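Peer 1: What follows is a single structure, and I will ask about it in a moment.
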Amino acid sequence: MKRSLFMSMIVAALAFALAMPLYAGGKAAPAGTITMQPSAGKATKKPAKFSHKSHAAAKCAECHHHKVGSNEYAKCDSKGCHEDMTAKTGAKSYYAAFHSNNPKSCVGCHKKAANPKAPTACNKCHA
Ligand code: HEC
Ligand code: HEC
Ligand code: HEC
Numbered sequence: 054m055k056r057s058l059f060m061s062m063i064v065a066a067l068a069f070a071l072a073m074p075l076y077a078g079g080k081a082a083p084a085g086t087i088t089m090q091p092s093a094g095k096a097t098k099k100p101a102k103f104s105h106k107s108h109a110a111a112k113c114a115e116c117h118h119h120k121v122g123s124n125e126y127a128k129c130d131s132k133g134c135h136e137d138m139t140a141k142t143g144a145k146s147y148y149a150a151f152h153s154n155n156p157k158s159c160v161g162c163h164k165k166a167a168n169p170k171a172p173t174a175c176n177k178c179h180a
């Protein structure tokens, strides 16, 4: 093998390794802010904002904990998941997925983190 080719392979491998924290299964976490809304039904609050950048310390699977078919990053309210728009508690509840005390939920993790930068006030997420 030519030395230059070998070097460029090393450089490519290094670049990949450095990029790893934001990649998993070949898919990148969206760089921008995601505006979240229920796929069906009527929202009563302003859509919640979510940024992967401020959650880079968490493992992907802490939130993306269930595959839908082969999709590791399916929407939270996919069929069979947190799709119940009326229940306030339980695994299928849309509301509970984001506000329960389970550390996988937004508010659950924020309460546990007890970090002033992790908001628990409604209007900090529904902004
Ligand atoms: C703190 C929770 C959390 C962590 C950690 C997290 N994500 Fe996400 N991710 C979300 C939420 C919430 C959404 C939006 C889901 C929805 O719209 O229902 C999302 C959406 C996505 C999407 C977009 C899917 C689409 O349809 O556009 C991809 C891809 C993704 N995440 C990849 C990743 C990867 C890769 C990691 C790890 C590097 C990661 N996420 C870490 C919460 C998280
Ligand atoms: C695994 C724990 C964890 C989960 C789950 C989590 N967060 Fe956070 N979040 C944090 C931490 C820690 C911070 C503070 C980051 C820092 O130090 O800046 C934070 C910061 C934030 C902030 C303030 C910074 C910013 O991006 O504006 C918002 C808003 C936010 N989270 C929304 C959400 C939403 C919405 C969800 C659910 C879809 C969610 N978080 C799920 C741990 C979590
Ligand atoms: C850490 C972020 C976070 C905080 C704090 C938060 N929510 Fe949410 N909430 C979400 C996410 C994410 C969703 C799902 C996306 C959406 O529908 O906006 C959601 C959805 C909802 C929904 C269902 C959708 C709708 O608009 O009707 C209601 C109701 C709701 N939140 C009420 C509240 C109330 C009331 C508070 C304050 C007591 C609150 N939330 C605090 C993240 C948060």
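The numbering of the sequence shown is the numbering used here, which starts it at 54 and goes up by one.
Backbone N, C-alpha and C fix where the C-beta goes; we use that ideal spot for every residue, glycine too.
Values in this document were obtained by computation on a predicted structure and should not be read as measured data.
(1) Going by alpha carbons, who is nearest to S131 out of K170, K120, A140?
(2) Please find out if some non-hydrogen atom of ligand 1 comes closer than 8 Å to the beta-carbon of P100.
(3) When every heavy atom of ligand 1 is checked, does at least one fall within less than 8 Å of the C-beta of C178?
(4) List the endpoints of the continuous alpha helix (DSSP H) containing K177.
(5) First and last residue of the beta strand (DSSP E) that includes K102?
(6) Taking the straight line between their C-alpha atoms, what separation do you get for S153 and S123?
(7) Per DSSP, N124 is paired with what?
(8) Excluding the five sequence neighbours on either side, which residues of its own chain have a C-beta within less than 6 Å of the C-beta of P74, listed in chain order?
(9) Between the alpha carbons of F151 and A81, how many angstroms are there, rounded?
(10) For I87 and K102, I'd like the C-alpha separation in whole angstroms.
(11) Measuring CB to CB, does E115 end up less than 9 Å from K157?
(12) If you draw a straight line from the alpha carbon of K165 to that of G94, how long is it in whole angstroms?
Peer 2: Working from what's here:
(1) K120
(2) no
(3) no
(4) Secondary structure note for K177: its alpha helix (DSSP H) is the uninterrupted segment 175 to 178.
(5) 101 to 104
(6) Going from the Cα of S153 to the Cα of S123 covers about 27 Å.
(7) V121
(8) The pLDDT assigned to P74 is 47, lower than 50, so where the model puts this residue is not dependable; a value taken from the coordinates is nonetheless given after this. Excluding residues within five positions, none has a Cβ falling inside 6 Å.
(9) Near 22 Å, if we compare the C-alpha coordinates of A81 and F151.
(10) 6 Å
(11) yes
(12) 30 Å
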